[in-house]
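So the sequence shown is residues 15 to 920, counted in our numbering.
Heads up: the structure comes next, in structure tokens.
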Amino acid sequence: MRQHADDYNEKSQAQTFLRDFFDVFTPQGHRRARFETRVKKPDGSQGYIDALWPGTLLVEMKSRDRDLDAAHQQALDYLPRLPQAHLPGFVLVCDFARLRLYDLDSGERHDFALAELPEHLHLFGFLTGYRPAGTQRPEDPANAEAAELMAQLHDALLADGYAGHPLEVLLVRLLFCLFSEDTAIFDTAEFRALLEEHTAPDGHDLGAKLGELFAVLDTPAAERARALAPHLANFPYVNGALFRENFRPPAFTEATRQRLIDCTYFDWSRISPAVFGSLFQSIADPKQRRTVGAHYTSEHNILKVLDPLLLDSLRQELAAAGTNRPALTRLQQRVAGLRLLDPACGCGNFLVVAYRELRILEHEILDRLYARGAAGGVSINLALYQLVKVEQVAGIEVEEFAARIAEVALWLMDHQLNLALSARFDQRYVRLPLTGGARIVNDNALRVNWEIEFPALDYIVGNPPFVGKKEQTATQKADLLRVFTGIKGAGVLDFVCGWYKKAEEYINRPNSTHVKAAFVSTNSITQGEQVGLLWNVLLNRNIKINFAHRTFKWTNEARGNAAVQCVIIGFGVQEERQKLLFDYETPTSLPQRRLVSNINPYLVDAATVLLPNRRTPISAAPALNYGSFALDDGEYTLSPSDRENLLNADPRTAKFIRPFLGAQELIRGQQRYCLWLADALPSEIQTILPIKERVQRVRAWRALSQRQNTLALAATPTLFAEIRQPNSDYLAIPTVSSERRRYLPIAYLTADVVASNQLYILPNATPFYFGILTSEMHMAWMRQVCGRLESRFRYSAGIVYNNYPFPPTPTEAQRQAVTAAAEAVLAARAAFPTESLAALYDPDTMPPALARAHQTLDRAVDRCYRPQPFTTELARLEFLFSLYQQLSAPVLSAVPKARARIPKAS
């Protein structure tokens, strides 16, 4: 900047000063800036920004010795008038002699003289595309803006008829180019200049021009045509097969050309490759996304997997090594030898974050080993001493577009990390052309032989697709059953279970027992009938859970984002001495970390047990049964209007019409009826024509059945197929209810109300049992072990009720306290006679008096178990599983063999 030492006038010298200033940091850097950008001031008058590097830097120049505070305020006044994508991260004010740089994110300010610029060049690393590793924040709004830009470009091209594989490949290439010109792979604004200066405004030749560029990027400099235009010749040779395939280019229009140019004004260096999954998700078909099960994981949640699996221990080794050179060298070599597979890698989110964290760890090792020498002027050959390579991570991905995105994301992360290392050691370190790369196998992970494709792994991680048994396609179901060949009942498993089985098979190879695995999974694999099926198989293969996150929820920032309730399970055959269990007060809370002695398949610090499907209660409790089942082709089931029609047709039918309730009617207070003919005389059936006709139709319908049991029931057409109606009042429990409710909506019904098979019935249940079953203690148990219908609770007698440890030895006083509190709950309900259980137990509308009554009941039930209060749901579960173990100890047997049939939950 020596030639500008005497500059002083804003109007005549500012642009020349700034052009040269930008070119200090990157060739043709001034191309990236917009000079004299028109913008409205807060008072409505017209203002002009001296220089704007969209999305990165705003510069306000003043003549020498003018007030820089005023210049700073003027710059800030411009910000609200800028488009969101153009908002800068930094503001620079300058009077030719002094420079003042403001970091708008951190609030830091740096003042120095122009003559001191060489000592402060590092402050402007963002102009070169370098951002310190980790500063590309996943929660940065820029990530969502970038996703939306790509989605808009995708939609515009799609609307013009460009679709399928060519569109996907084009978008991957454009993403690489956009990122490259903002991170010093290309010269600054080089790609934008090609678009703006060398293509027609109407876009008719843009597709062909992009084709020329892609060919250049895939051709070594020595093999390029001598007559190649200068604006193309300057682009580097990329290699890596990214630009190798030839395909039909799109026909751009003026509008789609402008959309692409608009993308170049966004600062792509702000984007973390770790969230490229969100970019993919933004442009994927939402319907297809559910079918494939692509719930892409946020960076924050990825670290929930990687930290306890491998990164925490590596960081501890680094801390222990200190500055000991042999220890540091051994650690670097170990890190450089690690191999990691994500067998459902999607767009590579897990792989990118894992690779980044391993490189950051290595950067710290190199810093401790060689920084002192570099500071003393000793040149360090980074190509020789930097050992961790992107080839150490690998993936399997069934979707081609996602697989290609993963490859590019890893290349770009590698480049960012090389820039970071360059800054640490003050030398340029770039790996171009690309000569290697992560191996992403574009195939079906449940069909690929992992052992052949990836023979030497250390870690298996990822976020396999969540697809419930009802949502699985025929192909997915077949793939899952192939993995679980010979395991009866495997058809009820979630699709994610296939990855657990494949990982177990890999780990149990003779040379792979050191391998550790961890998956993000749907929480259904730790609940209900799936536990007995999946974990029976895994436990018999010596699999142990070494860390786990209990149920939590996440969303991401992409368009159409998915919110899923998940768990994380880390496992292997080698058992850790100390196990980590992360608990959440609510699914959206921060995790609480605990050291525990054991983690069972329900993700509880308790003995490893699999709850069987019991026929009778393990505790001294009354038997719970289903209600009655009609099997009548709808003839005996009556809506209110059916009931009225029957009564109008023959008033004598009133004797046989009874209320008929299932779960929906019980909870919502809806009316339904049935014809109950168990006590009807033959003469009554014969003489009441509307009843006789229905009986005849039931007999005929049953007689046509292919099932032997139904055929036999044709002989007794007046009866329900299964009759379990009690002769006394009873407690009714819905088989399915909403997960939003804090308490299970159970109720007493009179003997004249017929319970359908969508209710469980507990005849002669005392208020004590009502109190236990509607308590927080029982709810904690049910939430953990019950099955799910979608996300709703699916209660069962065999798994939930019959395995529930009722208070083993409550005193009479404790029984009376629970009884009194239960009656108070019933009285609080009775104060609202017109309200349904759905309204009374909706968390948004639950009456305060009812909530207080339940809290009193909860305390009374808790004291039946122990004097000390339970502070968390996990504490309740740990106590209940411990009690369950005591109750079942006399009859406990070894974990059943994997091929034994596991009955379905009743």
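Beta carbons are placed, not taken as given, at the ideal position from N, Cα and C, and that holds for glycine.
Since the structure is predicted, the reported quantities are computational estimates derived from the model, not experimental observations.
In DSSP terms, what residue i is bridged to
i: Gly476; result: Phe533
i: Tyr384; result: Paired residue(s): none; Tyr384 is not in a bridge.
i: Met75; result: Cys108
i: Arg802; result: Phe807
i: Tyr520; result: Answer is none; Tyr520 lacks a bridge partner.
i: Thr51; result: Ile63
i: Lys567; result: Gln579
i: Glu736; result: Phe643
i: Asp356; result: Gly409
i: Arg114; result: Val107 and Asp125
Simplified DSSP assignment, three categories, for residue i
i: Tyr855; result: coil
i: Ser327; result: helix
i: Gly121; result: coil
i: Ile466; result: helix
i: Asn456; result: strand
i: Thr343; result: helix
i: Glu226; result: helix
i: Ala528; result: Residue identity check: residue 528 is His in the sequence provided, not Ala. The answer is coil: DSSP assigns His528 none of H, G, I, E or B.
i: Leu431; result: helix
i: Cys580; result: strand
i: Thr848; result: coil
i: Thr730; result: coil
i: Arg880; result: coil
i: Val510; result: coil
i: Lys515; result: helix
i: Gln900; result: helix
i: Ile559; result: strand
i: Gln27; result: helix
i: Asp57; result: coil
i: Asp493; result: helix
i: Asn363; result: helix
Short CB-CB distance (under 7 Å) between residue i and chain C
i: Arg711; result: No chain C is present in this structure, which holds just one protein chain.
CA nearest to the CA of residue i, picked from the options
i: Arg48; options: Val38, Thr233 and Thr70; result: Thr70
i: Asp119; options: Leu101, Leu135 and Glu133; result: Leu101
i: Leu32; options: Leu113, Arg808 and Asp81; result: Leu113
i: Arg461; options: Gln606, Trp513, Val230 and Asp647; result: Trp513
i: Lys484; options: Asp201, Ala222 and Ser805; result: Ser805
i: Gln900; options: Val623, Leu718 and Ser535; result: Val623
i: Ile681; options: Arg628, Lys55, Ala214 and Tyr855; result: Tyr855
i: Val545; options: Ile557, Leu507 and Val534; result: Leu507
i: Ile559; options: Asn612, Arg607, Tyr598 and Thr886; result: Asn612
i: Ile466; options: Ser526, Gln430 and Arg829; result: Ser526
i: Arg353; options: Ala634, Arg339 and Leu372; result: Leu372
i: Arg95; options: Gly785, Tyr62, Asp125 and Val107; result: Tyr62
i: Phe12; options: Pro862, Pro631 and Arg890; result: The structure shown does not extend to residue 12, since the chain is modelled only from 15 through 920, so no value can be given for it.
i: Asp872; options: Gly121, Pro469, Trp549 and Thr833; result: Thr833
i: His2; options: Phe784, Ala397 and Ala333; result: Since the displayed the chain opens at 15 and closes at 920, residue 2 lies outside it and no answer follows.
i: Thr885; options: Ala852, Met791, Ser810 and Ser850; result: Met791
i: His377; options: Ile410, Leu185 and Leu435; result: Leu435
Integer Cβ distance of residue i from residue j, believed to fall under 8 Å
i: Phe364; j: Ile394; result: That belief does not hold up - the Cβ atoms of Phe364 and Ile394 are roughly 31 Å apart, past 8 Å.
i: Arg666; j: Tyr687; result: Between Tyr687 and Arg666 the Cβ distance is about 16 Å, and since that is not below 8 Å, they are no contact.
i: His245; j: His212; result: 6 Å
i: Pro524; j: Met427; result: That pair is no contact at about 34 Å.
i: Ala420; j: Cys359; result: 5 Å
i: Leu345; j: Glu331; result: 5 Å
i: Leu745; j: Tyr762; result: 6 Å
i: Gly4; j: Pro250; result: The requested residue 4 is not part of the displayed model; the chain covers only 15 to 920.
i: Ala794; j: Glu887; result: 5 Å
i: Glu159; j: Phe280; result: 7 Å
i: Asn817; j: Arg628; result: 6 Å
i: Pro357; j: Ala459; result: 4 Å
Entirely within the stretch 585-646 and at least 3 residues each: give me those beta strand (DSSP E) ranges in chain order. Within the stretch 585-646, the complete beta strand (DSSP E) runs of at least 3 residues are 593-597 and 606-610.
Where are the beta strand (DSSP E) runs, 3 residues long or more, that stay fully inside the stretch 743-795, in chain order? Complete beta strand (DSSP E) runs here, min 3: 744-748, 761-763 and 773-777.
Mind listing, in chain order, the continuous alpha helix (DSSP H) runs of no fewer than 4 residues lying wholly within the stretch 650-719? As far as the stretch 650-719 is concerned, its whole alpha helix (DSSP H) runs of at least 4 residues are 654-663, 677-682, 696-701 and 703-717.
Which runs of the alpha helix (DSSP H) at least 4 residues long sit entirely within the stretch 232-265? Give them in chain order. For secondary structure counted as the alpha helix (DSSP H) over 4 or more consecutive residues, the stretch 232-265 holds these complete runs in sequence order: 244-247.
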